[in-house]
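Student: The numbering of the sequence shown is this note's numbering, which starts it at 9 and goes up by one.
Backbone N, C-alpha and C fix where the C-beta goes; we use that ideal spot for every residue, glycine too.
Questions regarding the structure given below will be posed in turn.
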Amino acid sequence: MLDFYTLAVLGLLAVFGYAFTRREKPDPREPPLVRSSIPVVGHLPCFLWYGLSYFTMLTEKHGLPIFGLNMVFTKSYLVTSPSILLSIQRNKKSLSFDPFLSMAAERMVGIRGPTLELMREKQSGGQGLKQTVIHAMQPTLIGAPLDRMNERMTRLLRPLVDELASATTIDLYGWCRHAITVASTDASYGPLNPYKDANIEESFWSFESHLSPLMANFLPWLTARTAWRGREAVVAALVRYYEQGGHEDGSEMTQVRWKTMREAGMSAADIAREEVGMGIGLLSNTVPAAFWVLYELYSRPDLLEEIREEIRTNALRVDADQRHIIDISALRDNCPLVVSSFQEILRVQSASAPTRFVMEDVMLADQYFLKAGSMINMPAKTLGRMPEAWGETASEFDARRYIRSEEKNPRRTAGFMTFGVSPVICPGRHFASSEILGLAALLVLRYDIAPVDGQWRTPRLNSMAVASNMRPLKDKFPVTVRPRSEYAGVEWDCTVQPGSGVFNLMVG
């Protein structure tokens, strides 16, 4: 009798053989094809190994405005030209992000059967619930609901920052991960937040940081055991949260998501699975982005002093009890260098590659023919540094690049893709920006931070965390933390003024 592994290998060979025989001959109007040295499976193994950085490696190697890659069952086109990207935006009916949402529901969080068809996009024969949920939650991420989330988030961040006064050495990345996890999830889920359990927090990050093999969707309980076990632990915790009515005291966003899915017929167990994906949205990019903001500011002493002065002058007040209060709204509205530096850090550190599915045959920029059923990826690290979009300083760090001017450059806008590419833009970008800049403001005013060896070296990255666009770290990043004498003995707080809560951020 054949053992399990022999059967698995034979099964894989059969699948790959079928894929090879089904591969169509290229149309002469298609973009040039970059071949892989690995037969049949093409570029897929390298992508699973290197993650999103593999796309950047290829674009830097070949220098083409657009080219194709064979990925077993489909073809992916990599776009590196801002002008072609603008053409993609103009073809939003033919080029859609929605099928990726269904893929994530199935492969990332494990939704199956009728519920998957309920969530699938209407263009592919589903009922479109995923898009309905996204549209329903958008009003909860601006205005008064966003203010309430920001207020709760800042109340949770402050004591975590206070605790650093008694620390001498910390893992900066690990500390950011814990602080952002605590603040984001508590602001979202309320008093019964399941992520308060340290085991659930750790389970989520085991899932998130090992996503690459899980997305292959081949016997995940065996081939992606770490991610699968972590995910299932978080799902079980979220089921308990809903059974206890925790969502009733959660944020408006959490309540709206539950209500929309429940009224559409989803079970609590399937809603819990979908909510694990919400954890990806809340945390996967915010954590590494917070780390890179601190890394870039503290490693640039002159910029750090300018940032401190701007915050001290425009966003810090002292009340009658001598409490020093940072106004998150003032950071957003009155600190142009802070906001510009933040966006420049996102530009230079982002490794995103926004995706579109080709829903029907289409001709891009009157030159490149793309077949229905293929995919498009747009590597931000390449487009974010193109002289065509950013001029002669494209490869340089310019903290003042985004300070408002009268000049409007659509190619430059198209080259900034950290929050996505229009019309698919991250709905939580304003909450994440408030959280990151609030945390950074508290830290830069209160503490001096430096690597334990005194050198700001580029850390190793985790290529398996494919859900993150912001280059998450593979290892710890040990630093020394020293309270600044200027504020010795001072009590700190944060506040959020009522308003729209909306940052003036560039989006692609």
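Quick one: grab the DSSP three-state call for SER528.
Tutor: The question about residue 528 has no answer here: the residues shown for the chain are numbered 9 through 516.
Student: Within the same chain, show all residues whose beta-carbon is closer than 6 Å to that of PRO431, passing over the 5 residues directly before and after it, in chain order.
Tutor: Start at 1 with the first residue of the sequence shown, and residue 431 comes out as number 423. Excluding sequence neighbours, PRO431 sits near LYS100.
Student: Whole angstroms are fine: how far does the CA of ILE336 sit from the CA of LEU60?
Tutor: Taking the first residue of the sequence shown as 1, we reach residue 60 at position 52. Taking the first residue of the sequence shown as 1, we reach residue 336 at position 328. Spanning the two alpha carbons is a distance of roughly 33 Å.
Student: CA-CA distance, ASN78 and GLY399?
Tutor: The residue you call residue 78 lines up with position 70 of the sequence shown. The residue you call residue 399 lines up with position 391 of the sequence shown. Approximately 33 Å between the Cα atoms of the pair.
Student: Which residues in the same chain have their Cβ closer than 7 Å to the Cβ of ASP278, if we skip the five residues on either side of it in sequence?
Tutor: Residue numbering aside, residue 278 sits at position 270 when the sequence shown is read from its first letter. Taken in chain order, the residues that qualify are ILE119, THR123.
Student: From what residue to what residue does the beta strand (DSSP E) around TYR455 run?
Tutor: For the purposes of this step, residue 455 is identified with residue 447 of the sequence shown, where counting begins at 1. Per DSSP, TYR455 belongs to the beta strand (DSSP E) from 455 to 459.
Student: Express the C-alpha separation of GLY133 and ILE188 in angstroms, rounding to a whole number.
Tutor: Position 180 of the sequence shown, counting from 1, holds the residue named residue 188. Position 125 of the sequence shown, counting from 1, holds the residue named residue 133. If you take the alpha carbons of ILE188 and GLY133, they lie about 38 Å apart.
Student: Is the Cβ-Cβ distance between ASN385 and ALA407 less than 8 Å?
Tutor: Numbered from 1 along the sequence shown, position 377 holds the residue referred to as residue 385. Numbered from 1 along the sequence shown, position 399 holds the residue referred to as residue 407. No, Cβ-Cβ distance for ASN385 and ALA407 is not below 8 Å.
Student: Compute the Euclidean distance between the alpha carbons of ALA388 and LEU93, then round it to the nearest angstrom.
Tutor: Looking up residue 388 in the sequence shown gives position 380. Looking up residue 93 in the sequence shown gives position 85. Roughly 11 Å between the two C-alpha positions.
Student: How big is the Cα-Cα spacing for GLU414 and LEU445?
Tutor: The sequence position of residue 414 within the sequence shown is 406, counting from 1. The sequence position of residue 445 within the sequence shown is 437, counting from 1. Residue confidence for GLU414 is low, a pLDDT of 48 falling below 50, so the modelled location carries little weight; the figure read from the coordinates is stated next. GLU414 and LEU445: Cα-Cα distance of roughly 25 Å.
Student: Could you give the distance in angstroms between the alpha-carbon of TYR203 and the alpha-carbon of VAL284?
Tutor: The residue you call residue 203 lines up with position 195 of the sequence shown. The residue you call residue 284 lines up with position 276 of the sequence shown. For TYR203 and VAL284, the distance between alpha carbons rounds to 11 Å.
Student: Helix or strand or just coil, what does DSSP make of PHE511?
Tutor: Along the sequence shown, one-based indexing puts residue 511 at 503. PHE511 falls in the coil class under three-state DSSP.
Student: For MET425, report the span of its beta strand (DSSP E) as first-last.
Tutor: Translated into the one-based positions of the sequence shown, residue 425 becomes position 417. Element bounds for MET425: n/a, residue is neither H nor E.
Student: Might you give, ordered along the chain, the residues of its own chain that have their beta carbon closer than 7 Å to the beta carbon of TRP236, omitting 5 neighbours on each side?
Tutor: Locating residue 236 in the sequence shown gives position 228, counting from the first residue. Result list for TRP236: LEU222, PRO228, TRP229, in chain order.
Student: Let me check understanding here. Comparing Cα to Cα, which of TRP500, GLU443, LYS69, SER102 lies closest to GLN330?
Tutor: Working through the sequence shown from its first residue, we reach residue 330 at position 322. Residue TRP500 is the option with its Cα nearest to GLN330.
Student: Please classify PHE365: does DSSP put it in a helix, a strand, or coil?
Tutor: Within the sequence shown, the letter at position 357 stands for residue 365. Three-state DSSP puts PHE365 in a strand.
Student: Helix, strand or coil for GLU414 per DSSP?
Tutor: To locate residue 414, count along the sequence shown from 1; it is residue 406. Because GLU414 sits at a pLDDT of 48, beneath the cut-off of 50, its placement in the model cannot be relied upon, and the following sentence gives the value as read from the coordinates. Coil.
Student: Just the C-alpha distance for VAL42 and SER349, rounded to the nearest angstrom, thanks.
Tutor: Here residue 42 corresponds to residue number 34 of the sequence shown, with the count starting at 1. Here residue 349 corresponds to residue number 341 of the sequence shown, with the count starting at 1. Whole-angstrom Cα-Cα distance: 36 Å.
Student: Just grab the DSSP bridge partners of TYR376 for me.
Tutor: Along the sequence shown, one-based indexing puts residue 376 at 368. TYR376 is bridged to LEU372.
Student: State the DSSP-derived secondary structure class of VAL153, mapped to helix, strand or coil.
Tutor: Taking the first residue of the sequence shown as position 1, residue 153 is located at position 145. Note on residue identity: the sequence assigns Pro, not Val, to residue 153. Correct three-state label for PRO153: helix.
Student: How long is the line joining the alpha carbons of ALA363 and GLY76, rounded to whole angstroms?
Tutor: The residue labelled residue 363 in the question sits at position 355 within the sequence shown. The residue labelled residue 76 in the question sits at position 68 within the sequence shown. It is worth fixing the name first, because residue 363 is Thr in this sequence and not Ala. Approximately 14 Å, taken between the alpha carbons.
Student: Does the separation of the CB atoms of MET269 and GLU282 fall below 8 Å?
Tutor: Working through the sequence shown from its first residue, we reach residue 269 at position 261. Working through the sequence shown from its first residue, we reach residue 282 at position 274. Yes.
Student: Could you tell me which residues DSSP pairs with ASN78 in its beta bridges?
Tutor: On the sequence shown, residue 78 is found 70 positions in, with the first residue counted as 1. For ASN78, which the question treats as bridged, DSSP gives the partners LYS83.
Student: Helix, strand or coil, according to DSSP, for HIS186 in the structure here?
Tutor: Within the sequence shown, residue 186 is the residue found at index 178, counting from 1. Of the three classes helix, strand and coil, the one that applies to HIS186 here is helix, per DSSP.
Student: Going by Cα to Cα distance, which pick from ALA496, ALA224, SER292 is closest to LEU52?
Tutor: What you label residue 52 is simply residue 44 of the sequence shown in a count that begins at 1. Checking every option, the nearest Cα to that of LEU52 belongs to ALA224.
Student: From what residue to what residue does the beta strand (DSSP E) around ARG325 run?
Tutor: What you label residue 325 is simply residue 317 of the sequence shown in a count that begins at 1. Unbroken beta strand (DSSP E) run through ARG325: 324 to 326.
Student: Any idea what DSSP makes of SER104, helix, strand or coil?
Tutor: The residue labelled residue 104 in the question sits at position 96 within the sequence shown. If DSSP states are grouped into helix, strand and coil, SER104 belongs with the strands.
Student: Look at the Cβ atom of CYS502, then the Cβ atom of ILE334, and state whether they are nearer than 8 Å.
Tutor: Mapped onto the sequence shown, residue 502 falls at position 494. Mapped onto the sequence shown, residue 334 falls at position 326. It is a contact, given that the beta carbons lie within the stated cut-off.
Student: Tell me whether GLY509 is buried or exposed, calling it buried when 16 or more other Cβ atoms sit within 10 Å of its Cβ.
Tutor: Start at 1 with the first residue of the sequence shown, and residue 509 comes out as number 501. Buried is the call here.
Student: Pick helix, strand or coil for CYS343, following the three-state DSSP scheme.
Tutor: Taking the sequence shown and counting its residues from 1, one reaches residue 343 at position 335. DSSP places CYS343 in coil when its eight states are reduced to three.
Student: Taking Cβ to Cβ, would you say ALA195 is nearer than 8 Å to SER259?
Tutor: Reading the sequence shown from its first residue, position 187 is the one you call residue 195. Reading the sequence shown from its first residue, position 251 is the one you call residue 259. Yes, the pair counts as a contact, with Cβ atoms nearer than the cut-off.
Student: Taking the C-alpha atoms as reference points, what is the distance between MET145 and GLU352?
Tutor: Sequence index remark: in the sequence shown, residue 145 carries index 137 (1-based). Sequence index remark: in the sequence shown, residue 352 carries index 344 (1-based). So the alpha carbons of these two residues sit roughly 28 Å apart.
Student: Rank VAL242, GLU304, TYR197 by C-alpha distance to the C-alpha of ARG6 and give the top, closest one.
Tutor: As shown, the chain starts at 9 and ends at 516. That puts residue 6 outside it, with no answer to give.
Student: Can you round the beta-carbon distance between THR557 and VAL460 to whole angstroms, since I take them to be within the 8 Å contact cut?
Tutor: The structure shown has nothing for residue 557, since the chain only spans 9 to 516.
Student: Of the choices TYR249, HIS186, PHE215, ALA380, whose alpha-carbon is the least far from that of ASN201?
Tutor: In the sequence shown, residue 201 corresponds to position 193, counting from 1. Residue TYR249 is the option with its Cα nearest to ASN201.
Student: By DSSP, does ASP205 sit in helix, in strand, or in coil?
Tutor: Here residue 205 corresponds to residue number 197 of the sequence shown, with the count starting at 1. Correct three-state label for ASP205: coil.
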